[in-house]
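Scroll down for the structure; my scribbles are underneath it.
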Amino acid sequence: MPITSADYPFMAQALRLAERGLYTTMPNPRVGCLLVKNGQVVGEGWHIRAGEGHAEVNALAAAGENARGATAYVTLEPCSHTGKTGPCSHALVDAGVVRVVYAMEDPNPLVAGRGLDYLREAGVQVDGPLLEDDARALNLGFIKRMERKLPFVRCKMGMSLDGRTAMASGESQWVTGKKARGDVQRLRARSCAIISGIDSVLMDNASLTVRGEELDLPNAPEAAAKQPLRVVLDSKLRLGRKAKILMQETPILLVHNGKPENADKLADWPAHVELIALPANSSIDGGGRINLNALLSELAKRQCNEVLVEAGATLAASFLRRGLLDEVIIYMAPKLLGSSARPLFDLPLNTMSSALPLKISDMRAVGTDWRITATPDTEY
5 MPITSADYPF MAQALRLAER GLYTTMPNPR VGCLLVKNGQ VVGEGWHIRA
55 GEGHAEVNAL AAAGENARGA TAYVTLEPCS HTGKTGPCSH ALVDAGVVRV
105 VYAMEDPNPL VAGRGLDYLR EAGVQVDGPL LEDDARALNL GFIKRMERKL
155 PFVRCKMGMS LDGRTAMASG ESQWVTGKKA RGDVQRLRAR SCAIISGIDS
205 VLMDNASLTV RGEELDLPNA PEAAAKQPLR VVLDSKLRLG RKAKILMQET
255 PILLVHNGKP ENADKLADWP AHVELIALPA NSSIDGGGRI NLNALLSELA
305 KRQCNEVLVE AGATLAASFL RRGLLDEVII YMAPKLLGSS ARPLFDLPLN
355 TMSSALPLKI SDMRAVGTDW RITATPDTEY
């Protein structure tokens with residue numbers, strides 16, 4: 005049967021289920037599944053974390069025998085391969101599901117339509133895509149990693165009303181308020197990695213961890229349990245062995261440029277710190293600094309879906325100028341820091357024609373501050 009108006013609310017409910025895995029499923033996609041029979045929901049499930057049951061398996065377990073003859077609403081094409089769990093397309097057929105409505109095809113080359121083909125060959129009615137844009141929005145990082153072998157890169161910045169991030173001395177605590185800082189913690193929790201530069205880490209004495217008590221989530225302990233990989237760009241290995249960031253024993257990727265003068269600094273790091281050398285940029289383009297394209301490729305190989313850049317004006321601008329940012333989130337505080345304070349991005353532009361345009365997709369109040377979400381305007 006074709007898709008009808010009755011299918012939309014059920015798929016919307018499946019998408020809400022998928023969203024419950026926002027902070028826990030990495031590196032897997034966020035997926036929800038709803039089983040409906042005679043207009044009634046008989047089972048629901050979502051993918052909670054990698055290595056455990058997929059959304060379809062959890063929904064089938066909840067439905068039991070009621071799954072026979074039901075319709076499954078799935079936010080992502082059911083998988084057709086065996087990884088840490090069995091193929092979901094086979095499980096749906098074995099349970100007697102007669103119709104599958106899907107939101108989007110799986111961009112994973114191991115699936116990529118094969119799950120839907122298996123269902124059709126088994127006699128299951130397959131309809132879709134349905135609410136595809138909503139489904140893609142839930143998994144922007146996973147999709148980009150599968151399709152382009154790069155993570156989705158989001159940059160977070162906090163600024164005053166006059167576009168300043170810190171005083172000339174570097175003092176920056178706190179530009180924004182408590183609610184905005186909690187919102188940033190949720191951005192960290194949904195990210196596979198956080199990238200910062202050595203100058204910011206040293207200046208702020210940062211930990212770059214998710215603080216569960218600030219998340220304001222019903223599943224805060226679970227969301228904070230999976231800490232993102234902390235990535236510090238430190239070309240000359242200036243990070244001291246007693247830095248605050250080293251105190252919490254969750255993984256750190258310390259990235260240097262492999263220059264010989266670093267040789268005596270490569271030993272005796274804590275076990276949770278991994279050192280890696282990546283190519284440096286040419287002398288024309290920030291000589292000595294880490295090649296950001298190489299960094300993002302490396303993070304994709306490590307199965308990072310979403311990456312959060314929390315850095316100063318120089319590194320943030322480097323990502324922006326090279327076209328490596330997918331999204332910019334700016335928290336604007338209702339205060340003025342003055343003309344001597346530090347700018348948001350270090351962009352020495354001299355003409356209007358050289359301005360970098362952005363598209364604002366969302367703007368809303370977060371406590372006493374405003375959160376602006378924008379994307380680089382590549383069509384300008």
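Following our numbering, the numbering of the sequence shown begins with 5 at its first residue and continues without gaps.
From the three backbone atoms N, C-alpha and C, an ideal C-beta is built for every residue, glycine too.
Query                                                                                                                                                               : Result
At a cut of 8 angstroms, does the region 329-338 reach the region 208-226 through at least three beta carbon pairs?                                                 : no
Would you report the Cα separation of D137 and Q252, rounded to the nearest angstrom?                                                                               : 38 angstroms
For the region 16-35 and the region 50-57, state whether three or more C-beta atom pairs, one from each stretch, are separated by less than 8 angstroms.            : yes
Going by the DSSP bridge assignment, what does T379 pair with across the sheet?                                                                                     : K363
Just tell me which of S164, E226, C37 has its CA closest to the CA of P13.                                                                                          : C37
Can you tell me where the alpha helix (DSSP H) holding F156 begins and where it ends?                                                                               : Careful: F156 lies outside any alpha helix (DSSP H), inside the beta strand (DSSP E) at 156-164.
Given this structure, state the Cα-to-Cα distance separating L328 from D373, to the nearest angstrom.                                                               : 27 angstroms
Is D330 near P361, with beta carbons less than 7 angstroms apart?                                                                                                   : no
Determine the contact status of V78 and Y106, defining contact as a CB-CB distance below 7 angstroms.                                                               : yes
Going by beta carbon distance, what residues of the same chain come within less than 8 angstroms of R124, once the five residues before and after it are set aside? : V130
When DSSP builds the beta bridges, which residues end up paired with T75?                                                                                           : V40, R103
Going straight from the alpha carbon of R293 to that of M207, what length do you get?                                                                               : 18 angstroms
Between the region 63-72 and the region 108-116, are three or more C-beta pairs nearer than 8 angstroms?                                                            : no
Straight-line CA distance for E56 to N32?                                                                                                                           : 11 angstroms
Spell out the partners DSSP gives L120 in its beta bridges.                                                                                                         : In the DSSP output, where bridge partners are listed per residue, L120 has none listed.
Give me the residue from L270, P225, A247, N223 with the minimum Cα distance to K240.                                                                               : L270
From C308, R140, N295, S93, pick the residue whose C-alpha is nearest to that of R234; which is it?                                                                 : C308
Determine whether the beta carbon atoms of I280 and V259 lie at a separation below 7 angstroms.                                                                     : yes
Give the C-beta separation of M108 and R149 to the nearest angstrom, bearing in mind that I take them to be a contact with Cβ-Cβ under 8 angstroms.                 : The pair is not a contact, with the Cβ atoms about 15 angstroms apart (cut-off 8 angstroms).
Express the C-alpha separation of A184 and P352 in angstroms, rounding to a whole number.                                                                           : 28 angstroms
In the DSSP assignment, the beta strand (DSSP E) including R234 goes from what residue to what residue?                                                             : 233-237
Can you tell me which of N143, V101, L134 puts its alpha carbon nearest to the alpha carbon of G385?                                                                : An answer regarding residue 385 cannot be provided, because it is not within the stretch 5 to 384 covered by the chain.
Measure the C-alpha to C-alpha separation of L237 and R34 and round it to an integer number of angstroms.                                                           : 29 angstroms
Considering Cα atoms alone, identify which of A247, S211, R190 is closest to E226.                                                                                  : R190
Which partner residues does S358 have in the DSSP bridge list?                                                                                                      : None, per the DSSP bridge assignment.
My understanding is that L165 touches L340, with C-beta atoms under 8 angstroms, so please give their C-beta distance in whole angstroms.                           : 6 angstroms
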